[in-house]
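K.L.:
Encoded as structure tokens, here's the structure I'll be asking about.
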């Protein structure tokens, strides 16, 4: 799934102009917007590349449901996957399971970048907050619209993204007011520049501290597998603890992406982009920062995983243990995200960001930075891609049912969602069908990207 897409003016190179590198609070305490006169800056293409790559990878899981015989297993605290020693099956799932941290991280960065963009357009702070509320509501709404009827409430990644998008924007609003007050207090003993730098740095530190405090909580409150059939409060499951359906619920809830455990990724993204702007990092410096953070996360992850203690959710349920199995070493609890999962996957995302930044520098004015690069096309219409890919692969399934290449027992499909994958395509036929679907999606996203670029900055079409 997808982080909300970012429009042409939404992602700016922080070092390229005064607006993106300004150090003052994002939003003034009195609700007035800080107006900065600046020329339009180029997009941060690496974010488009990253989102585009994440879109392609996450589509594997969903296209497998419609086209592949191989069922997708989820890393739930009560039901971890058993790959039966297959490196192939583990690796495919590891790639797709690593996408969600990238969605939330880039969304946090985009909250800051979008706010700066709209400040230059002289949007009021409440208008910016209203935009994020509507955008979050659209994500939550599509979370339900895209599922078969009669399923109750299923919190997919769209639900958590929508909730955390609005919460993240509220954090930015409150931070703007508090940072302004802090800077005013600091100017009594320091120059304006020093006070601004120190005040903003303290605010960035609070984002980092909040992310560091919230992230380990899931490893503390998540129960053992033996408690999977216990009853837990409905609201607790909705916000904090992923859990299967409990039949006694008035409104049946299958909690997958509980918003609170995923909020640290958003806060981390906000902190990262605030720091990039505050310290006016050039692209090369930004790339080195991502590389350093990614490496540091893996340095912490490896001994944490080997210890099999705090930060690992129910590692004793894996056989053989993570210490004695390469596959199970990386078979990490995602629902909710354990600290080990967070460090491992977020470290990879940071390293990918670094790679794409350096490629953008080295391959300037090449196909890599072209408007027609598939990753850029997908990344700029990420939400549209996410919605469309379900229907593209569902239609492909229907066509293959007509040709007899896919079979299913009568009545085994509910609302177009198959209940059995036994009659689907074998590999590598599935991979060929997946690529065909991406080609179709490329043309759709290319046309949609041009369409939404012609709309006003406040148009709802830009949400997709």
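Residue numbers (the working numbering): 5 to 468.
Quick reminder that beta carbons are idealized off the backbone N, C-alpha and C, glycines included.
All figures in this text were calculated on a predicted structure; none of them were measured in a lab.
Output the distance between the C-alpha atoms of residue 322 and residue 84, rounded to the nearest integer angstrom.
P.N.:
Counting from 1 along the chain shown, the entry for residue 322 is found at position 318. Counting from 1 along the chain shown, the entry for residue 84 is found at position 80. Whole-angstrom Cα-Cα distance: 7 Å.
K.L.:
Going by beta carbon distance, what residues of the same chain come within less than 7 Å of residue 290, once the five residues before and after it are set aside?
P.N.:
For the purposes of this step, residue 290 is identified with residue 286 of the chain shown, where counting begins at 1. Same-chain partners within the cutoff: 280 and 361.
K.L.:
Kindly list the residues whose CB is nearer than 8 Å to the CB of residue 186, restricted to its own chain and excluding five residues on each side of it in sequence; keep chain order.
P.N.:
As a position in the chain shown, residue 186 is number 182, starting the count at 1. The answer, listed in chain order, is 203, 206 and 207.
K.L.:
If distances are taken between C-alpha atoms only, which option among 424, 167 and 382 comes closest to residue 401?
P.N.:
In the chain shown, the residue the question calls residue 401 occupies position 397. Out of 424, 167 and 382, 424 has the C-alpha closest to the C-alpha of residue 401.
K.L.:
Relative to the C-alpha of residue 103, which candidate in 158, 439, 198 and 390 has its C-alpha closest?
P.N.:
Mapped onto the chain shown, residue 103 falls at position 99. Checking every option, the nearest Cα to that of residue 103 belongs to 390.
K.L.:
Quick one: what's got a C-beta closer than 7 Å to residue 50's C-beta in the same chain, skipping five residues either side?
P.N.:
Your numbering for residue 50 matches position 46 in the chain shown. Once the five neighbours on either side are set aside, the close Cβ partners of residue 50 are 357, 360, 361 and 364.
K.L.:
Does DSSP put residue 128 in a helix, in a strand, or in coil?
P.N.:
The count along the chain shown starts at 1 and reaches residue 128 at position 124. Three-state result, residue 128: coil.
K.L.:
Entirely within the segment 246–306 and at least 3 residues each: give me those beta strand (DSSP E) ranges in chain order.
P.N.:
257–259
K.L.:
Is it right to say residue 237 is buried, meaning 16 or more other beta carbons lie within 10 angstroms of its own, or is it exposed?
P.N.:
For this step, residue 237 is matched to residue 233 along the chain shown. Residue 237 is exposed by the Cβ-count criterion.
K.L.:
For residue 220, which of helix, strand or coil comes out of DSSP?
P.N.:
Numbered from 1 along the chain shown, position 216 holds the residue referred to as residue 220. Residue 220 falls in the coil class under three-state DSSP.
K.L.:
Buried or exposed: which applies to residue 426, given that a residue is buried once 16 or more other Cβ atoms fall within 10 Å of its Cβ?
P.N.:
Translated into the one-based positions of the chain shown, residue 426 becomes position 422. Exposed.
K.L.:
Near residue 445, which residues of its chain fall below 7 Å by C-beta distance, leaving aside the five closest residues on each side in sequence?
P.N.:
On the chain shown, position 441 is the one that residue 445 refers to. Correct list, in chain order: 389, 392, 393 and 396.
K.L.:
Please say whether residue 142 and residue 163 have beta carbons closer to each other than 8 Å?
P.N.:
Taking the chain shown and counting its residues from 1, the one referred to as residue 163 is at position 159. Taking the chain shown and counting its residues from 1, the one referred to as residue 142 is at position 138. Not in contact: residue 163 and residue 142 (Cβ atoms no closer than 8 Å).
K.L.:
Entirely within the segment 406–467 and at least 4 residues each: give me those alpha helix (DSSP H) ranges in chain order.
P.N.:
433–457
K.L.:
Go ahead and label residue 441 buried or exposed: buried means 16 or more other beta carbons lie within 10 angstroms of its beta carbon, across all protein chains shown.
P.N.:
Position 437 of the chain shown, counted from the start, is the residue given in the question as residue 441. The residue is buried, with at least 16 neighbouring Cβ atoms inside 10 Å.
K.L.:
Residues in its own chain within less than 6 Å of residue 211 by CB, not counting five upstream and five downstream?
P.N.:
Residue mapping note: residue 211 aligns to position 207 of the chain shown, counting from 1. Contacts found: 271, 274 and 275.
K.L.:
Can we say the segment 251–261 touches the segment 173–183, given the rule of at least three CB pairs closer than 8 Å?
P.N.:
No, because fewer than three Cβ pairs between the segment 251–261 and the segment 173–183 fall closer than 8 Å, the two stretches do not touch.
K.L.:
Please name the residue in 311, 138 and 222 whose C-alpha comes closest to that of residue 337.
P.N.:
Numbered from 1 along the chain shown, position 333 holds the residue referred to as residue 337. Selected option, being the one with the closest Cα: 222.
K.L.:
Look at the alpha carbon of residue 301 and the alpha carbon of residue 132, and state the distance between them as a whole number of angstroms.
P.N.:
Here residue 301 corresponds to residue number 297 of the chain shown, with the count starting at 1. Here residue 132 corresponds to residue number 128 of the chain shown, with the count starting at 1. Approximately 33 Å between the Cα atoms of the pair.
K.L.:
For the alpha helix (DSSP H) holding residue 96, just list the boundary residues, first then last.
P.N.:
If you number the chain shown from 1, residue 96 lands on position 92. Run containing residue 96: 91–101, per the alpha helix (DSSP H) assignment.
K.L.:
From residue 56 to residue 377, what does the alpha carbon distance come to, in whole angstroms?
P.N.:
For the purposes of this step, residue 56 is taken as residue 52 along the chain shown, with counting starting at 1. For the purposes of this step, residue 377 is taken as residue 373 along the chain shown, with counting starting at 1. Going by the C-alpha atoms only, they are around 10 Å apart.
K.L.:
Using the Cα positions of residue 192 and residue 119, report the straight-line distance between them to the nearest angstrom.
P.N.:
Here residue 192 is taken as the residue at index 188 of the chain shown, counted from 1. Here residue 119 is taken as the residue at index 115 of the chain shown, counted from 1. Spanning the two alpha carbons is a distance of roughly 29 Å.
K.L.:
What number of angstroms, rounded off, separates the C-alpha of residue 161 from the C-alpha of residue 232?
P.N.:
Position 157 of the chain shown, counting from 1, holds the residue named residue 161. Position 228 of the chain shown, counting from 1, holds the residue named residue 232. Rounded to the nearest angstrom, the two C-alpha atoms are 22 Å apart.
K.L.:
Give me the residue from 126, 116 and 226 with the minimum Cα distance to residue 180.
P.N.:
Position 176 of the chain shown, counted from the first residue, corresponds to residue 180. Per the Cα distances, 116.
K.L.:
Which residues does DSSP list as the beta-bridge partners of residue 80?
P.N.:
Counting from one through the chain shown, the residue named residue 80 turns up at place 76. Bridge partners of residue 80: 83 and 339.
K.L.:
Could you round the C-beta distance between residue 283 and residue 348 to whole angstroms and report it? I think they count as a contact, below 8 Å.
P.N.:
As a working mapping, residue 283 is identified with position 279 in the chain shown. As a working mapping, residue 348 is identified with position 344 in the chain shown. With 8 Å as the limit, residue 283 and residue 348 do not qualify as a contact, their Cβ atoms being about 27 Å apart.
K.L.:
Comparing C-alpha positions only, which one of 90, 86, 88 and 79 sits nearest to residue 100?
P.N.:
Residue 100 sits at position 96 when you count from the first residue of the chain shown. The candidate whose alpha carbon is nearest that of residue 100 is 79.
K.L.:
Measure how close the beta-carbons of residue 52 and residue 379 come, nearest whole angstrom, since I'm counting them as under 8 Å.
P.N.:
For the purposes of this step, residue 52 is taken as residue 48 along the chain shown, with counting starting at 1. For the purposes of this step, residue 379 is taken as residue 375 along the chain shown, with counting starting at 1. Sure, about 7 Å apart at Cβ, within 8 Å.
K.L.:
Under DSSP, the alpha helix (DSSP H) around residue 162 begins and ends at which residues?
P.N.:
As a position in the chain shown, residue 162 is number 158, starting the count at 1. Counted as a single uninterrupted DSSP element, the alpha helix (DSSP H) harbouring residue 162 occupies residues 161–190.
K.L.:
Please classify residue 189 as buried or exposed, where buried requires at least 16 neighbouring CB atoms within 10 angstroms.
P.N.:
Locating residue 189 in the chain shown gives position 185, counting from the first residue. Result: exposed.
K.L.:
Thinking C-alpha only, which one of 406, 346, 383 and 150 is nearest residue 421?
P.N.:
Indexing the chain shown from 1 puts residue 421 at position 417. Answer by Cα proximity: 150.
K.L.:
Return helix, strand or coil for residue 114, following the three-state DSSP convention.
P.N.:
The residue given as residue 114 occupies position 110 in the chain shown. Helix at residue 114.
K.L.:
When we look at the beta-carbon of residue 482 and count the other beta-carbons within 10 Å, is it buried (16 or more) or exposed?
P.N.:
No information on residue 482 is available, as it lies outside the stretch 5 to 468 that the chain covers here.
K.L.:
Output yes or no for whether 8 Å exceeds the beta carbon distance between residue 453 and residue 385.
P.N.:
Within the chain shown, numbered from 1, the residue matching residue 453 stands at position 449. Within the chain shown, numbered from 1, the residue matching residue 385 stands at position 381. A contact, by the Cβ cut-off of 8 Å.
K.L.:
Do residue 315 and residue 295 come within 8 Å of each other at the CB atom, strictly closer than that value?
P.N.:
For the purposes of this step, residue 295 is taken as the residue at position 291 of the chain shown. For the purposes of this step, residue 315 is taken as the residue at position 311 of the chain shown. Their beta carbons are not under 8 Å apart, which means residue 295 does not touch residue 315 by this criterion.
K.L.:
Give the range of the alpha helix (DSSP H) segment to which residue 369 is assigned.
P.N.:
For the purposes of this step, residue 369 is identified with residue 365 of the chain shown, where counting begins at 1. For residue 369, there is no enclosing alpha helix (DSSP H), as DSSP gives it neither H nor E.
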